[in-house]
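**Q** Please read through the structure below; I'll follow up with questions.
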Amino acid sequence: MTGARDVLVSDCIDGVITITIDRPDARNALRHQTMSELAAAIEAADADDHVRCLVLAGSARAFAAGADITEMLALDGPALLSHPRTLAWQRIWSAGCPMIAAVEGVAFGGGNELVLSCDIAIAGAAARFGQPEITLGWMPGAGGTQRLARSAGKSMTMQLVLTGDAIDAPTALRAGIVSEVVPAGGALARAIEIAHRIASHPRAATRLARQAVLDSYTTTLSDGLLAEHTSFRYLASSDERNARMRAFLDRARATS
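Add 146 to a position in the sequence shown, counting from 1, and you land on the number used in this note's numbering.
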């Protein structure tokens with residue numbers, strides 16, 4: 147495993163890379179350096195043709211406890227507009243590679259927003275999720291109102307954002323923030339298992355299917371259906387699709 151001080155990047159194994167936030171003494175707080183390294187690691191994985199899926203992880207105690215408050219206190223509104231931190235979030239959101247969050251411990255503030263930025267989230271049973279910014283006189287600024295509302299609905303989002311209270315993993319599962327809850331300590335192994343399942347499929351198909359699902363949040367139903375069918379027709383001409391379909395038929399004939 148190689149990486150810079152805050153973020154570690156594994157070797158690519160069968161199409162899967164694990165990116166780990168490694169600031170355990172600070173509960174993986176997302177300081178500016180962490181965000182820049184994280185964005186760079188995700189961009190590099192996204193550009194690598196060998197990578198089919200990436201897993202984002204933290205430590206047993208914390209996936210990520212939010213921003214570094216000392217750093218954030220030094221930033222006003224104008225400074226945030228084009229700050230590298232803001233750009234780092236945009237770089238992360240621009241990735242086309244499927245991303246899975248493996249969440250143990252706390253995912254608060256920016257940590258929860260990082261979970262929401264992933265396509266799939268697996269939680270250990272002791273994980274906790276929250277948007278505590280309101281307790282500091284602030285509010286979420288990287289998806290904690292918008293992505294959270296699309297996952298958890300208005301009432302749950304309002305409760306989390308306006309109280310600053312946290313929820314446990316089973317509640318996050320019911321709210322749609324995570325897709326599975328596994329025994330504590332098992333999130334990373336399960337996330338990697340799912341990642342390998344995704345990586346076994348054609349890269350173009352997984353990326354286009356992923357984008358079609360994401361488009362459902364930003365387009366009308368009619369536009370989304372049109373975009374979906376456009377990608378569907380595009381893949382109909384792919385060599386890999388045709389080879390897999392022929393192999394399926396060959397197996398069916400062999401067992402009939």
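Glycine included, every Cβ here is placed at the ideal spot set by N, Cα and C. Because the structure is a prediction, the values reported are computed rather than measured.
#1: Measure the alpha-carbon distance for residue 375 versus residue 383 and round it to whole angstroms.
#2: Nearest by alpha-carbon distance to residue 304: which of 286, 319 and 320 is it?
#3: Would you give the residue range spanned by the beta strand (DSSP E) that residue 314 belongs to?
#4: Distance check for residue 302 and residue 266, CA to CA, integer angstroms please.
#5: In terms of residue numbering, what span does the alpha helix (DSSP H) encompassing residue 304 cover?
#6: Give me the Cα-Cα distance between residue 254 and residue 402, rounded to the nearest whole angstrom.
#7: Decide yes or no for the touch test of the stretch 380-396 against the stretch 347-367: beta carbon pairs closer than 8 Å, at least 3 of them.
#8: Mind checking whether residue 313 and residue 289 have CB atoms under 8 Å apart?
#9: Give a yes or no on whether the C-beta atoms belonging to residue 269 and residue 324 are separated by under 8 Å.
#10: DSSP has residue 200 in a bridge; who is on the other side?
#11: Do residue 333 and residue 249 have their beta-carbon atoms positioned less than 8 Å apart in this structure?
#12: Restricting to Cα atoms, I'd like to know which of 363, 345 and 340 is closest to residue 294.
#13: Indicate whether residue 174 and residue 210 have their beta-carbon atoms separated by less than 8 Å.
#14: Please classify residue 225: does DSSP put it in a helix, a strand, or coil?
#15: Have a look at 387, 341 and 220 and flag the residue whose alpha-carbon is nearest the alpha-carbon of residue 199.
#16: To the nearest angstrom, report how far apart residue 331 and residue 320 are at their CA atoms.
#17: Under DSSP, the alpha helix (DSSP H) around residue 372 begins and ends at which residues?
#18: Under a three-way DSSP split, which group does residue 210 fall into?
#19: For residue 230, I'd like the list of residues in its chain whose CB is within less than 7 Å of its CB, leaving aside the five on either flank, ordered along the chain.
#20: Could you please give me the residues that DSSP links to residue 176 through a beta bridge?
#21: Is the Cβ-Cβ distance between residue 166 and residue 203 less than 8 Å?
#22: How long is the line joining the alpha carbons of residue 368 and residue 292, rounded to whole angstroms?
#23: Closer than 6 Å by C-beta to residue 339: which residues in its own chain qualify, once you throw out the five before and the five after it? Chain order, please.
#24: Residue 393 and residue 373: beta carbons closer than 8 Å?
**A** For this structure:
#1: By 1-based counting over the sequence shown, the position of residue 375 is 229. By 1-based counting over the sequence shown, the position of residue 383 is 237. Cα-Cα distance, rounded: 13 Å.
#2: Start at 1 with the first residue of the sequence shown, and residue 304 comes out as number 158. Ranking 286, 319 and 320 by Cα distance to residue 304 puts 286 first.
#3: For this step, residue 314 is matched to residue 168 along the sequence shown. It spans 312-314 - the beta strand (DSSP E) in which residue 314 sits, taken as one unbroken run.
#4: One-based indexing of the sequence shown puts residue 266 at position 120. One-based indexing of the sequence shown puts residue 302 at position 156. If you draw a straight line from the Cα of residue 266 to the Cα of residue 302, it comes to about 19 Å.
#5: Residue numbering aside, residue 304 sits at position 158 when the sequence shown is read from its first letter. From DSSP, the alpha helix (DSSP H) with residue 304 extends over 292-309.
#6: The count along the sequence shown starts at 1 and reaches residue 254 at position 108. The count along the sequence shown starts at 1 and reaches residue 402 at position 256. For residue 254 and residue 402, the distance between alpha carbons rounds to 54 Å.
#7: yes
#8: Taking the first residue of the sequence shown as 1, we reach residue 313 at position 167. Taking the first residue of the sequence shown as 1, we reach residue 289 at position 143. Not in contact: residue 313 and residue 289 (Cβ atoms no closer than 8 Å).
#9: Looking up residue 269 in the sequence shown gives position 123. Looking up residue 324 in the sequence shown gives position 178. Taking 8 Å as the Cβ cut-off, residue 269 and residue 324 qualify as a contacting pair.
#10: Within the sequence shown, the letter at position 54 stands for residue 200. DSSP output for residue 200 lists 163 and 245 as bridge partner(s).
#11: Here residue 249 corresponds to residue number 103 of the sequence shown, with the count starting at 1. Here residue 333 corresponds to residue number 187 of the sequence shown, with the count starting at 1. Their beta carbons are under 8 Å apart, which means residue 249 touches residue 333 by this criterion.
#12: Indexing the sequence shown from 1 puts residue 294 at position 148. Nearest of 363, 345 and 340 to residue 294, Cα basis: 363.
#13: Residue numbering aside, residue 174 sits at position 28 when the sequence shown is read from its first letter. Residue numbering aside, residue 210 sits at position 64 when the sequence shown is read from its first letter. Taking 8 Å as the Cβ cut-off, residue 174 and residue 210 qualify as a contacting pair.
#14: For this step, residue 225 is matched to residue 79 along the sequence shown. Note: residue 225 maps to helix in three-state DSSP.
#15: Numbered from 1 along the sequence shown, position 53 holds the residue referred to as residue 199. Checked all of 387, 341 and 220; the closest Cα to residue 199 is 341.
#16: Working through the sequence shown from its first residue, we reach residue 331 at position 185. Working through the sequence shown from its first residue, we reach residue 320 at position 174. C-alpha separation (whole angstroms): 20 Å.
#17: Mapped onto the sequence shown, residue 372 falls at position 226. Run containing residue 372: 367-381, per the alpha helix (DSSP H) assignment.
#18: Residue numbering aside, residue 210 sits at position 64 when the sequence shown is read from its first letter. The DSSP-derived three-state label of residue 210 is strand.
#19: To locate residue 230, count along the sequence shown from 1; it is residue 84. Excluding sequence neighbours, residue 230 sits near 178 and 182.
#20: Residue mapping note: residue 176 aligns to position 30 of the sequence shown, counting from 1. For residue 176, which the question treats as bridged, DSSP gives the partners 213.
#21: Within the sequence shown, the letter at position 20 stands for residue 166. Within the sequence shown, the letter at position 57 stands for residue 203. Cβ distance < 8 Å, so residue 166 and residue 203 count as in contact.
#22: Here residue 368 corresponds to residue number 222 of the sequence shown, with the count starting at 1. Here residue 292 corresponds to residue number 146 of the sequence shown, with the count starting at 1. Computed Cα separation, rounded: 22 Å.
#23: Taking the first residue of the sequence shown as position 1, residue 339 is located at position 193. None.
#24: Stepping through the sequence shown from its first residue, residue 393 is reached at position 247. Stepping through the sequence shown from its first residue, residue 373 is reached at position 227. No, they are not a contact pair.
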